[in-house]
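Under this note's numbering, think of the first position of the sequence shown as 1324, with each following residue one higher.
We put the beta carbon where it would ideally sit given N, CA and C, even for glycine.
This one's a predicted model, so the numbers in the text were calculated from it and none came from an experiment.
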Amino acid sequence: MPQIIILPHAEHCPEGAVIEAQAGETVLDAALRSGIDIEHACEKSCACTTCHVVIREGFNSLEASDELEDDMLDKAWGLEANSRLSCQAVVAQADLVVEIPKYTINQVSEGH
């Protein structure tokens, strides 16, 4: 079973975490199941960038992003070459190291 190492994030995961993932589940679903509340304003429909993450290790094990995800990522704060929307990044067999960016461009964050 692949693992996802979530790097420390002051709000969502202050200590960082190592979580178990199932191949075929998204990074977002694995995080939410493990109590890491990554924002996802569009309810996982690939219509926003609030679940943007940076895959620090294991990026090449993920299926390539599609055009819709790429268009959304172009709007993300802090976009990097190895950025993905966690609602679209499906875990394969490799372990991942994931960084949750410090900011999103979400104008209304219900959790605050």
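Nearest to C1374 by C-alpha distance, out of M1324, Q1326, P1325 and V1421, is V1421.
In this structure, the alpha-carbon of E1334 lies about 30 Å from that of E1390. With a cutoff of 8 Å on beta-carbon distance, T1372 and C1410 are scored as not near each other. With distances taken between CA atoms, A1417 lies nearest to E1386 out of P1331, E1386 and D1393. Judged by beta-carbon spacing, L1351 lies within the 8 Å limit of H1363, meaning their Cβ atoms are closer than that value. Residue environment for S1406: buried (at least 16 other C-beta atoms within 10 angstroms of its C-beta).
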